[in-house]
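*Asks:* As numbered in the numbering used here, residues -9 to 92 make up the sequence shown, in order.
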Amino acid sequence: DYINWLRSESVDGSSNPKVMELIGYADYLDPPPNPESMKDQLVGFGKYASMTYKELYEEDPDYINWLRSESVDGSSNPKVMELIGYADYLDPPPNPESMKDQ
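1. Can you grab the Cα-Cα spacing for the pair L73 / N6, in whole Å?
2. For V62 versus L46, is the C-beta distance shorter than 8 Å?
3. Among I(-7), D78, A39, which residue has its Cα nearest to the Cα of D17?
4. Quick one: Cα of T42 to Cα of W(-5), how far?
5. Between D78 and E49, what straight-line distance do the alpha-carbon atoms span, to the nearest angstrom?
6. Label L19 either buried or exposed according to how many other C-beta atoms from any shown protein chain fall within 10 Å of its C-beta, with 16 as the threshold for buried.
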C-alpha cells in the first residue's frame, strides 16, 4: 500500500517534511507492530511455517536475506514483509548512502 511504500522510501527520514508528517500520522492511526511482541509469532508460510520469527531469525538468517532480496520493491506477501520488518528491527540493513564510498 502507498503508506508502506512511503515508509520504505523514507527510511533515513530525509524525505520531504510533509511526507514524514503523513507517515507519522499513519503511524499514529495504525501503529506498526512492536517487534519485541512479534518474536513468538509463527512464520506461517514456506518451509518454516511452524517456526516463530525469533527461531527463524536465529536458525537461518540466510533465508531472511533471500526473502529481502526477493522483496526489494515491497510487493511481497504481507506476512513476508512483516517478517522482514522484524529482522530489519534486529539487524537493520545498511544505508545505501553509507555504501557509496566503498
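We put the beta carbon where it would ideally sit given N, CA and C, even for glycine.
*Replies:* The structure says:
1. Looking at the two C-alpha atoms, the distance is approximately 28 Å.
2. Contact flag unset, no.
3. I(-7)
4. For T42 and W(-5), the distance between alpha carbons rounds to 26 Å.
5. 16 Å
6. exposed
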